[in-house]
Every structure is written in C-alpha cells, then in structure tokens.
Amino acid sequence: MKKKDEPIRVNRPTLEPFSAYAPLFKNSIESGILTTGTYCAEFEKRAAAYLGVTYCVAVSSCTAGLMLVLKGLGLKGEVIMPSFTYMATGHPILWNGLTPVFAEVDPRTYTLDPASVERLITKKTSAIIATHVYGVPCDVKKLQRIARRRGLRLVYDAAHAFGSSVDGVRVGNFGDAEVFSLSPVKVLTAAEGGIVATNNKALADVVRLGRNYGDDGSGDAPFAGLSARFSELHAAIGLRSLDAFEKNLKRRRAKAAYLTAGLQKIEPRLIFQAVPKGIETTDYNFVVRLDPNVLGYTRDALKEFLERKGIATRKYFYPALHQQRAYKKYKPRIPLPVTEHIADTALALPMYSHITNRDLDRVLGAFREFTSTLRQ
Ligand SMILES: *Cc1c(COP(=O)(O)O)cnc(C)c1O
39 MKKKDEPIRV NRPTLEPFSA YAPLFKNSIE SGILTTGTYC AEFEKRAAAY
89 LGVTYCVAVS SCTAGLMLVL KGLGLKGEVI MPSFTYMATG HPILWNGLTP
139 VFAEVDPRTY TLDPASVERL ITKKTSAIIA THVYGVPCDV KKLQRIARRR
189 GLRLVYDAAH AFGSSVDGVR VGNFGDAEVF SLSPVKVLTA AEGGIVATNN
239 KALADVVRLG RNYGDDGSGD APFAGLSARF SELHAAIGLR SLDAFEKNLK
289 RRRAKAAYLT AGLQKIEPRL IFQAVPKGIE TTDYNFVVRL DPNVLGYTRD
339 ALKEFLERKG IATRKYFYPA LHQQRAYKKY KPRIPLPVTE HIADTALALP
389 MYSHITNRDL DRVLGAFREF TSTLRQ
C-alpha cells in the first residue's frame, strides 16, 4: 500500500537535534539559574553583534517588548499605525491607553504608506508604529524623515524581519526601537521570546528594568513594569538558533525562490509582494495574492481546495485590525481600500527553512490541479 502523504503545515519551527541544546539545559538546571542569567546576556550580546545595534534587551515576547517600549517612550494620545498587520502590533497600544489611528499601506510592498501617515498627523499624535511585512522592511527613510520633522517617536514591529536589511543596514537599527519575535515559527526562534533592539541607552535601560516589574532594587517602583523576563532555557534555544541562523535563512530564501518560480509558471497572474531595490527580505511568510477580478476565482476557493489535499494555508493578515472586535471603537478616519483588498486576497502558503522540495512540489501539483479543474 502506498504510504499516505503527511499533511503539510503552513509553518514549522526549524530546530537542531536535542543533543545541541542538552548541555545548556543541563547547566542551567544544575546551576539553579533559570532566568536572565549568563545565557540571556550572551544571547543579547550575540543578537546585537549580528544586527549591528548597540543594545538588545531580551524579553518574554515581541508583544511584551512593544508594551515596554511604548511605556518607556512615555507616549500620549494617538499612535499612527497600519491596519494591515498582526493583532499583536496593536494590542500594546491599547494596553498603554493610547489611541490607534489607522493609515493605509503601499499596494506593492504592503508596508505602511508614509504619505497616508503624514495626512493623519494631528496635535495629539505622539508616535508612528510600523510593521516590516513578511520580512520586507518599511520605507524606513521616509518614515524617519516624517518622524523627525514632526517630532514623533518611531517604533517598528520587526517580528518578521530578523535578518532583513535596507541598503546593507540590518533591521534593528531604524527608528527609536525595533522589536523582534522569537516565537516558534519566526525566522529566529527561542520557543518564545522577543528582542528589543535600540541605539538609545535610556530606552534600553527602561525596558531592562520594565521586564522585571520595574524593580530597581529600591523597593520603590518608578513605574509599572511587567513580568516579562527571558528565561535561561529560552536563551539556550535562542543561542543554538543563532548558530544555525545564516544557514537556515539561506535555505528559506532558496525554498521561496523555488516556489515562486514554480507558481509563476503555472499562473503568471498571481501577485507577489514587491521587494524594492536595496532591500533584503527574510521571506518569512510566503504570501501570494489572488485577485478574483483577474483570476475568476477567490483566495478562499484555493484555500479550501488545498485544505482538502492536506495542504494548510493561512489568510494573513486577515481580517485587518480595524475589522476586528477589539478595535471596533477606533473607526478609521480615512477609507482603507488598499488594506481591505490585500487582506481579502492574500494567502500564505507553506514555507519554512526545512520544508522539502517534495512538499513544495506537492503544493505546486495541487495548485496546477486546481487551475486545470477550473478550466474544464
Ligand atoms: C508573531 C508576531 C507578533 C507577536 O510576537 P510574540 O513574540 O508572540 O509576541 C507580533 N507582530 C507580528 C507582525 C507577528 O508576526
């Protein structure tokens, strides 16, 4: 009997054999130092060296990192942000009692549109938060110019972009701070965790204090921090992920190029994210857009077909933030047709560093079958 094909998941963590982690786990258990110890410090140092940034503070998640950065910057009033992003970009704004103001994104790169940001600035605006989408960095130069000219803080959700760069400068160096995620399927993982990268010492100090309740040892907390430390066990996984990072990133990029070429051969009218000149992406998510007006079928029809073939996909990001219940109160001040169109047409296909070419061929084969079924 022919062995049944395993389902293909949309995302998987790429890990090392257990033996790679075991000595570090052993040390940390035997020493009794379980959190923010030497592995955490080493991880921060190596991440900072890789990114070329002065300070990296490891925290329990990207979300917690963003919460602490917004707190540390002492923001008030309104924060301009994209609606086309993951919910975790917006939640820290709400937790800090700030008001999200939704701007449009660029129809080609899906990142925050600087012209739209400019139009939404009011006397109440204190910051801009932007997401590097699927690994493609925002227009960091234009956003920086706007922030500087208008006296605004600029923070990036860099959850997808560890390893991305703009004109040779790695993401991590832009704005007041950039926050990475180390959750399981991100390009760099520590099982869970986040990194706040900044060149601002005062901000790094506040985040460092804030990840540990804001407890400065005086017993007299200067502000309400979080319990958001980075454990030694997570740091151990993070260190081994850093060892393998370049190799895994290269593999991921090669897999993405292979899938792109195969899909374009089958359906040249698929829309791919634009990667502007001078930009290196991580290919974190492999997202294609299916415009039903051009193709005659919807993204959802393809999603269902692939699901029946055991191939998982994800509508990502969908729904957009302004369409979610938690954000109902924050009605967009401008229409967001580009955001809504992208959210309605984007589909993430399986992509991770160790996906096999055989599985990618199964994805391509299923897509070919889908398009030929339609033609009959
Ligand atoms: C994964 C992700 C996050 C959340 O990261 P955590 O480390 O789980 O908090 C935030 N923003 C984006 C864009 C993400 O993809």
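Per this note's numbering, the very first residue in the sequence shown carries number 39; after that it's consecutive. A virtual CB, placed ideally from N, CA and C, is assigned to each residue, including glycine. A quick note: this is a predicted structure, and the numbers were derived from the prediction, not measured.
{"Query": "For Leu415, does the three-state DSSP call read helix, strand or coil?", "Result": "Shown here, the chain extends from 39 to 414; a query on residue 415 therefore has no answer."}
{"Query": "From the DSSP output, in three-state form, read off Cys78 for me.", "Result": "helix"}
{"Query": "Could you compute how far the alpha carbon of Leu328 sits from the alpha carbon of Phe261?", "Result": "47 Å"}
{"Query": "Measuring straight from C-alpha to C-alpha, what distance separates Thr383 and Pro330?", "Result": "8 Å"}
{"Query": "Using the DSSP secondary-structure output, state which residues sit across from Phe310 in a beta bridge.", "Result": "Val326"}
{"Query": "In whole angstroms, what separates the C-alpha of Ala79 from that of Ser203?", "Result": "24 Å"}
{"Query": "Any idea what DSSP makes of Cys100, helix, strand or coil?", "Result": "helix"}
{"Query": "Is there at least one non-hydrogen atom of ligand 1 closer than 7 Å to the beta-carbon of Ala274?", "Result": "no"}
{"Query": "Evaluate contact between the region 109 to 120 and the region 135 to 144, counting only Cβ atoms and requiring at least three cross-stretch pairs below 8 Å.", "Result": "yes"}
{"Query": "By the three-class DSSP mapping on this structure, what secondary structure does Asp195 have?", "Result": "strand"}
{"Query": "With a threshold of 7 Å, establish whether the CB of Tyr124 neighbours any heavy atom of ligand 1.", "Result": "yes"}
{"Query": "What would DSSP say about Glu54, mapped onto helix, strand or coil?", "Result": "coil"}
{"Query": "Assuming contact is defined by CB atoms lying nearer than 8 Å, are Ile167 and Val143 in contact in what I supplied?", "Result": "no"}
{"Query": "Compute the minimum distance between the beta carbon of Asp195 and the heavy atoms of ligand 1, and state whether it is under 7 Å.", "Result": "yes"}
{"Query": "Is the distance from the Cβ of Leu264 to the Cβ of Ala126 below 8 Å?", "Result": "no"}
{"Query": "Quick one: residues in its chain with C-beta nearer than 6 Å to the C-beta of Ser154, no 5 flanking neighbours on either side, listed in chain order?", "Result": "Ala141, Glu142"}
{"Query": "Using DSSP with H/G/I as helix, E/B as strand and the rest coil, what is Ala26?", "Result": "The question about residue 26 has no answer here: the residues shown for the chain are numbered 39 through 414."}
{"Query": "Taking the DSSP output, what are the residues bridged to Cys94?", "Result": "Ala235"}
{"Query": "Can you check DSSP and say which residues form a bridge with Asn250?", "Result": "Ser265"}
{"Query": "Return the CA-CA distance between Tyr365 and Pro306, expressed in angstroms with no decimal places.", "Result": "37 Å"}
{"Query": "Tell me whether Val117 sits in a helix, a strand or coil according to DSSP, three-state version.", "Result": "strand"}
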